[in-house]
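Last residue of the sequence shown: 269 in the numbering used here, with the numbers rising by one and none dropped.
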Amino acid sequence: MGEKIKNTWEGIIFFPAKERIQKPRDTGVTMVIDKGTGLVETKDLLEISSSYIDFIKFGFGTSALYPPEILEEKVHLIQSFGVDVYPGGTFLEVAILQDKMEQYLNRMKSIGFTAIEVSDGTILMTEEIRRQAISFAAGLDLNILTEVGKKDSSKRLTPSQLVDQIKKDFENGARFVIVEGRDSGINAGLYDHKGQFIQDEFEELISLLGDQKRIIWEAPLKSQQQELIKKFGPNVSLGNIPPHEVFSLEALRVGLRSDTFAHFV
């Protein structure tokens, strides 16, 4: 784990949540979802907040929409700030459905992506294909994240099904496992139509999981971030954070917003 984060006001004001750790770290990571920011905006984001970002995900299949030279430049820009970068898991699902998994992963590597998300949020995927995807990505020295849960609320998995998959993914070599919440945080995974946790399923999942240090909770909404930080502390790993919300989230983590300030004092 990294050292504690220092701040500009050191010696005068300290963070209420003193245990927040800095990069490089194996827990407390922040994954940002990028839906198509330009090079200038991306550079601005990284210059002020790369210390608080561990992963940037090109949401869904958006990496296919960039001019090739811009995509490569953006990927290398993100890398240069010490942030892992990867395409959304849905794009891998498209590749698998078209029987192009290995070609897709090789192209990813050649472009400069440093991580991969293996998911089956939309398609049906056998355990063998999932294992092969993880194994092939490991052979390319990619940082491996997997995702559990379905995007369609009518196909919601039970907590025990989620935990079974999480354990298998860790056994197969995943570094982190993401719990589905979509980019909206509404009516997906463990969230209801109001973006609130389905409490009985959430509590059952936590009970079955035990250690959740390598779990990334997709939590795009402030209310979700706040609940998870209060429950697990400032070093809970959170994902699908909009770029413009990185500072807001970090302030929540360290107790510099009213919503968590009282919790940490």
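Every residue, glycine too, gets a C-beta built ideally from N, C-alpha and C.
Predicted model, so just to flag it, every value in this text is computed and none were measured.
Best match in R179, G42, R160 and Y195 for proximity to K217 [C-alpha to C-alpha]: For the purposes of this step, residue 217 is identified with residue 213 of the sequence shown, where counting begins at 1. Taking the Cα of K217 as reference, the smallest distance to any Cα among R179, G42, R160 and Y195 is reached at R179.
Where E184 falls, given that 16 or more other Cβ within 10 Å makes a residue buried: As a first step, residue 184 is located in the sequence shown; it is residue number 180 there, counting from the start. Taking a 10 Å sphere around the C-beta of E184, we find 16 or more other C-beta atoms and assign the residue as buried.
Where K198 falls, given that 16 or more other Cβ within 10 Å makes a residue buried: Mapped onto the sequence shown, residue 198 falls at position 194. With fewer than 16 other Cβ atoms inside 10 Å of its own Cβ, K198 counts as exposed.
Coarse secondary structure for P163, derived from DSSP in three states: Counting from 1 along the sequence shown, the entry for residue 163 is found at position 159. Of the three classes helix, strand and coil, the one that applies to P163 here is helix, per DSSP.
Beta carbon of K61 nearer than 9 Å to that of G92: The count along the sequence shown starts at 1 and reaches residue 61 at position 57. The count along the sequence shown starts at 1 and reaches residue 92 at position 88. Their beta carbons are under 9 Å apart, which means K61 touches G92 by this criterion.
CA-to-CA distance, K78 to Y90, given in whole angstroms: For this step, residue 90 is matched to residue 86 along the sequence shown. For this step, residue 78 is matched to residue 74 along the sequence shown. Approximately 11 Å between the Cα atoms of the pair.
Length of the line joining the Cα atoms of A266 and A68: As a first step, residue 266 must be located in the sequence shown, where it is residue number 262. As a first step, residue 68 must be located in the sequence shown, where it is residue number 64. In this structure, the CA atom of A266 is about 44 Å from the CA atom of A68.
Whether E151 touches I100 by CB criterion (9 Å): Position 147 of the sequence shown, counting from 1, holds the residue named residue 151. Position 96 of the sequence shown, counting from 1, holds the residue named residue 100. No, the pair does not count as a contact, with Cβ atoms beyond the cut-off.
Neighbourhood of P246 by C-beta, 8 Å cutoff - its chain only, sequence neighbours within 5 removed: Translated into the one-based positions of the sequence shown, residue 246 becomes position 242. The beta carbon of P246 is closer than 8 Å to those of V36, I37 and P224 in its chain, skipping five residues each way along the sequence.
Beta-ladder partner(s) of Y195, from DSSP: As a position in the sequence shown, residue 195 is number 191, starting the count at 1. DSSP lists F201 as partners of Y195.
Pairwise C-alpha distance: R257 and A192: Taking the sequence shown and counting its residues from 1, the one referred to as residue 192 is at position 188. Taking the sequence shown and counting its residues from 1, the one referred to as residue 257 is at position 253. Near 24 Å, if we compare the C-alpha coordinates of R257 and A192.
Sequence ranges, beta strand (DSSP E) only - wholly within the stretch 85 to 145, length at least 3: List check, beta strand (DSSP E) in window: 88 to 91 and 119 to 122.
Nearest neighbour of G40, chosen from P71, E97 and V240 [CA to CA]: Here residue 40 refers to the residue found at position 36 of the sequence shown. Answer by Cα proximity: P71.
Boundaries of the alpha helix (DSSP H) in which E222 is found, first to last residue: Here the question's residue 222 lines up with position 218 in the sequence shown. Counting along the chain, E222 falls outside any alpha helix (DSSP H), though it belongs to the beta strand (DSSP E) covering I219 to E222.
Reduced DSSP category for V1 - H, G, I as helix; E, B as strand; rest coil: With the chain covering 5 to 269 only, the question about residue 1 has no answer from this structure.
Stretch pair the stretch 105 to 118 + the stretch 136 to 149: three plus CB contacts closer than 8 Å: Verdict: yes, contact present.
Residues of its chain near L75, where Cβ-Cβ distance is below 8 Å and the 5 sequence neighbours each way are ignored: One-based indexing of the sequence shown puts residue 75 at position 71. Excluding positions up to five away in sequence, the list reads S67 and I115.
contact_flag[the stretch 17 to 24, the stretch 153 to 172] where n(CB pairs < 8 Å) is 3 or more: Contact between the stretch 17 to 24 and the stretch 153 to 172 is absent, because fewer than three Cβ pairs lie under 8 Å.
Beta-carbon separation (whole angstroms), Y264 vs K234, contact threshold 8 Å: Working through the sequence shown from its first residue, we reach residue 264 at position 260. Working through the sequence shown from its first residue, we reach residue 234 at position 230. The sequence given here places Thr at residue 264; Tyr does not occur at that position. That belief holds up - the Cβ atoms of T264 and K234 are roughly 7 Å apart, short of 8 Å.
Best match in F140, Y195 and Q136 for proximity to S158 [C-alpha to C-alpha]: Position 154 of the sequence shown, counting from 1, holds the residue named residue 158. Looking at the Cα atoms, Y195 is the closest of the given residues.
Outcome for Q102 when other beta-carbon atoms lying within 10 angstroms are tallied against a minimum of 16: Reading the sequence shown from its first residue, position 98 is the one you call residue 102. Exposed.
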